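Written below as structure tokens is the structure these notes are about.
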Amino acid sequence: MTLVNLKTILEKARRGGYAVGAFNVIDLTFLEAILDAAQKQNSPVILNIAEVHFPFLTLENIVPAAVMLAGRLPVETVLNLDHGLTIEAIHRAVDLGFTSVMFDGSHLDFAENVHQTREVVRYCRPRGVSVEAELGAVGGEEGGGLVGSADPERYTDAGQAREFVRKTGIDALAVAIGNSHGKYKGAPHLDFERLADIREAAGLPLVLHGGSGLSAEDFRRAVLLGIVKINFFTGMSQAAIRTAQDCLQQGDERYNDYPAMVRSVRNAVGAVVEEQMILFGSAGQG
Ligand SMILES: [Zn+2]
Numbered sequence: 002m003t004l005v006n007l008k009t010i011l012e013k014a015r016r017g018g019y020a021v022g023a024f025n026v027i028d029l030t031f032l033e034a035i036l037d038a039a040q041k042q043n044s045p046v047i048l049n050i051a052e053v054h055f056p057f058l059t060l061e062n063i064v065p066a067a068v069m070l071a072g073r074l075p076v077e078t079v080l081n082l083d084h085g086l087t088i089e090a091i092h093r094a095v096d097l098g099f100t101s102v103m104f105d106g107s108h109l110d111f112a113e114n115v116h117q118t119r120e121v122v123r124y125c126r127p128r129g130v131s132v133e134a135e136l137g138a139v140g141g142e143e144g145g146g147l148v149g150s151a152d153p154e155r156y157t158d159a160g161q162a163r164e165f166v167r168k169t170g171i172d173a174l175a176v177a178i179g180n181s182h183g184k185y186k187g188a189p190h191l192d193f194e195r196l197a198d199i200r201e202a203a204g205l206p207l208v209l210h211g212g213s214g215l216s217a218e219d220f221r222r223a224v225l226l227g228i229v230k231i232n233f234f235t236g237m238s239q240a241a242i243r244t245a246q247d248c249l250q251q252g253d254e255r256y257n258d259y260p261a262m263v264r265s266v267r268n269a270v271g272a273v274v275e276e277q278m279i280l281f282g283s284a285g286q287g
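Next up, the structure:
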């Protein structure tokens with residue numbers, strides 16, 4: 002199918018009572034793993050390409066591959082810029098064919114976040130591209146690997162969320178309710194009461210970043226309270242590294258068999274993605 006925008010896919014998720022996973026593409030191996038998983042699970046899927054990963058890939062190479070491979074799938078796919086930090090990155094992504102962008106103004110003060118997010122919406126809307134923005138700040142560092150913890154001082158405020166949505170015209174809002182990028186320091190505790198308040202105040206699709214490390218019960222409750230997109234990357238990165246380590250330790254005949262290692266990594270990453278699609282309830286919804 003041709004790519005669709007985020008608004009389209011999330012509206013269906015809201016009606017169907019499930020969330021769609023947004024999985025990060027860092028190379029062709031991850032791209033194939035994610036799309037294979039979507040096909041096997043008959044699940045809609047969001048391909049995330051994060052601005053922090055731009056140094057590791059060439060957008061002009063990976064985007065045409067993503068568009069072509071997604072076009073062959075029977076399920077709906079979104080190509081989303083994950084954590085766009087600058088207006089320049091947003092323009093570059095939209096011009097290359099992304100169908101959705103996340104603008105991350107969480108480091109800005111409220112007024113400036115509103116101002117810049119509104120500029121992004123003004124650029125994207127006439128081009129049919131959806132916009133996700135962040136209010137409050139998700140813990141940890143985007144990009145995975147580092148241990149993250151959320152700062153309650155920077156959780157999303159429901160009253161501000163209402164004002165932010167009204168002033169910016171965004172399509173989806175990323176919330177900070179105790180979720181964190183990278184590995185969680187200790188057991189994660191999500192503030193579900195706050196999530197319910199934000200849902201009531203914001204009245205639009207909500208997004209949970211930092212999906213790796215949360216429990217099946219966390220996901221179930223989050224989806225019931227309005228989460229329709231869940232970002233997930235660290236768990237894929239960990240599966241890839243673990244698999245590569247296993248392959249390298251596997252005796253003489255496999256030693257240095259790089260193609261076999263890449264294939265094993267792809268299969269391991271695909272298995273993790275499939276697991277999430279089942280947990281998020283998007284499996285079978287393609
Ligand atoms: Zn994120």
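Taking our numbering, the leading residue of the sequence shown gets 2, the next gets one more, and so forth. C-beta: ideal position from N, C-alpha, C; glycine also. Bear in mind that the values here come from a model prediction, so they are computed numbers and not experimental data.
- Boundaries of the alpha helix (DSSP H) around N268: 259–281.
- Sequence-distant Cβ neighbours of A159 in its own chain, meaning closer than 8 Å and more than five residues away, are R195, D198, I199, E201, A202, A203.
- I10 places its beta carbon 8 Å or farther from that of L32.
- L48 places its beta carbon less than 8 Å from that of T78.
- The nearest non-hydrogen atom of ligand 1 is 7 Å or more from the C-beta of H108.
- Per DSSP, the unbroken alpha helix (DSSP H) holding V64 starts and ends at 60–73.
- Looking from the CA of N25, the closest CA among V76, L80, N6, P45 belongs to L80.
- Excluding its 5 nearest sequence neighbours in each direction, V122 has C-beta neighbours in its own chain below 7 Å: V132, T169, G170, I171, listed in chain order.
- For G129, DSSP assigns no beta-bridge partner whatsoever.
- For S216, the number of other beta carbons within 10 angstroms of its own is below 16, and it is reported as exposed.
- For N232, the Cβ falls inside the 7 Å cut-off from some heavy atom of ligand 1.
- By the C-beta criterion, the segment 271–280 is judged to be in contact with the segment 232–249, since at least 3 inter-stretch pairs fall below 8 Å.
- Annotation for E135: D105, S107, A175 place their beta carbon closer than 6 Å to its own, counting only its chain and skipping 5 residues before and after.
- For V139, the distance from the CB to the nearest heavy atom of ligand 1 is below 7 Å.
- Here D96 is exposed, its C-beta having fewer than 16 other C-beta atoms within 10 Å.
- Judged by DSSP secondary structure, S101 falls outside any alpha helix (DSSP H) and instead within the beta strand (DSSP E) spanning 101–104.
- Taking the CA atoms as reference points, C125 sits about 23 Å from A138.
- Taking each of G72, P65, Q250 in turn and checking the Cα distance to T3, the smallest one comes out for G72.
- Counting along the chain, the unbroken alpha helix (DSSP H) around H92 starts and ends at 88–97.
- At a Cβ-Cβ threshold of 8 Å, G85 and F281 do not count as neighbours.
- Within the same chain, and ignoring the five residues on either side of F193 in sequence, the residues whose Cβ sits closer than 8 Å to its Cβ are I178, R222, A223, L226.
- Looking at A240, G287, Q161, A284, the one whose alpha-carbon comes closest to that of S265 is A240.
- E52 is a Cβ neighbour of A90, given a cutoff of 8 Å.
- Taking the Cα positions, A34 is about 11 Å away from L70.
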